[in-house]
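Student:
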């Protein structure tokens with residue numbers, strides 16, 4: 187299905203500016219906004235979508251981002267040359283646009299051929315992971331995974347593969363926040379729903395002890 191790519195991005199229906207996706211020349215028709223640029227617009231810059239009088243507020247994300255320094259016409263570039271910061275009355279109300287959503291009923295929801303794990307999460311692959319607690323066991327982990335690459339993996343059709351996940355940390359000099367990072371990363375891999383099971387290989391003398 188084809189999709190029309192607009193030339194601008196409107197961040198809120200309440201905005202009086204839009205953002206150019208790419209550089210626009212003067213006299214460029216912006217069909218989605220029904221206006222024509224009256225000067226060149228750089229990518230990422232703002233274009234006025236309606237007449238803005240001097241002293242009026244300029245809104246982006248439905249938030250006031252500044253005050254018009256002069257009258258601004260539709261299609262004109264809005265930037266620091268015609269927009270200034272100033273004091274204005276703040277409205278502290280929020281979430282007034284919240285509306286009830288009609289969720290899709292379970293019987294009408296889309297499905298896919300996923301793998302439901304015991305904790306209710308769903309994976310899209312069925313791998314066995316060989317993780318290492320320390321860089322010293324990386325070579326062993328790679329050899330283990332490589333052993334399953336050809337003949338053995340041809341037999342179980344429900345297993346996508348055995349993969350080694352190695353790293354360069356975990357030895358004696360690993361401590362503090364660095365150790366926390368590697369442990370969090372390993373924990374994320376070991377509990378990922380795309381893994382049916384994981385094997386963790388270590389030496390026993392490393393700072394990164396799996397019991398932690």
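In my numbering, the protein residues as written are 187 to 398. Note that CB positions come from ideal geometry on N, CA and C, so glycine has one too. The structure displayed is predicted, hence computed values, not measured ones.
Please report the straight-line C-alpha distance between residue 187 and residue 353, rounded to a whole angstrom.
Tutor: Confidence at residue 187 is low in this model, with a pLDDT of 39, below 50, so the placement of that residue is unreliable and no value is reported for it.
Student: Excluding the 5 residues flanking residue 193 on each side, which residues of the same chain have their C-beta closer than 8 angstroms to its C-beta?
Tutor: 206, 207, 208, 210, 214, 216, 217, 218
Student: Give the C-beta separation of residue 381 and residue 294 to the nearest angstrom, bearing in mind that I take them to be a contact with Cβ-Cβ under 8 angstroms.
Tutor: So it is not a contact: roughly 31 angstroms between Cβ atoms.
Student: Is DSSP giving residue 252 helix, strand or coil here?
Tutor: strand
Student: For residue 347, name the three-state secondary structure that DSSP assigns.
Tutor: For residue 347, the secondary structure class from DSSP, reduced to helix, strand or coil, is strand.
Student: Under 8 angstroms: do the stretch 297-316 and the stretch 277-286 share three or more Cβ pairs, one atom per stretch?
Tutor: no
Student: So the candidates are 246, 371, 221; which of them puts its Cα closest to the Cα of residue 200?
Tutor: 246
Student: So, under 8 angstroms CB-CB, residue 239 and residue 254 are touching, yes? Tell me the CB distance rounded to an integer number of Å.
Tutor: Your pair residue 239 and residue 254 checks out as a contact, with CB atoms roughly 7 angstroms apart and the cut at 8 angstroms.
Student: Got a sec? Which residues, its chain only, sit under 8 angstroms from residue 346 by beta carbon, not counting five neighbours each side?
Tutor: 311, 312, 313
Student: Just to confirm before moving on: does the CB-CB distance between residue 269 and residue 244 stay below 8 angstroms?
Tutor: yes
Student: If you draw a straight line from the C-alpha of residue 349 to the C-alpha of residue 287, how long is it?
Tutor: 42 angstroms
Student: Under a Cβ-count criterion, where at least 16 other Cβ atoms within 10 Å of its own Cβ denotes burial, should residue 389 be classed as buried or exposed?
Tutor: exposed
Student: With residue 278 as the anchor, note down where its beta strand (DSSP E) starts and where it stops.
Tutor: Element bounds for residue 278: n/a, residue is neither H nor E.
Student: The alpha helix (DSSP H) that contains residue 362, what's its start and end?
Tutor: 362-376
Student: Rounded to the nearest angstrom, how far is the Cβ of residue 241 from that of residue 271, given a contact under 8 angstroms?
Tutor: Not quite, the Cβ-Cβ distance comes to about 13 angstroms (not below 8 angstroms), so this is no contact.
Student: Just confirm the distance between the C-beta atoms of residue 323 and residue 363, as a whole number of angstroms; I'd bet it's less than 8 angstroms.
Tutor: With a Cβ gap of about 23 angstroms, residue 323 and residue 363 do not count as contacting.
Student: Measure the beta-carbon distance from residue 338 to residue 355 and round it to whole angstroms, keeping in mind my assumption that it falls under 8 angstroms.
Tutor: So it is not a contact: roughly 30 angstroms between Cβ atoms.
Student: Closest by CA to residue 262, which one among 283, 336, 222?
Tutor: 222
Student: Quick check: the Cα distance between residue 342 and residue 197, rounded to an integer number of angstroms?
Tutor: 50 angstroms
Student: Quick one: using the 10 Å Cβ neighbour count with 16 as the cut-off for buried, is residue 284 buried or exposed?
Tutor: exposed
Student: May I ask you to list the residues that DSSP assigns as paired with residue 200?
Tutor: DSSP, once it has assigned bridges, lists no residue as partnering residue 200.
Student: Which same chain residues end up closer than 6 angstroms to residue 256 when comparing Cβ atoms and leaving out the 5 residues on each side of it in sequence?
Tutor: 240, 268
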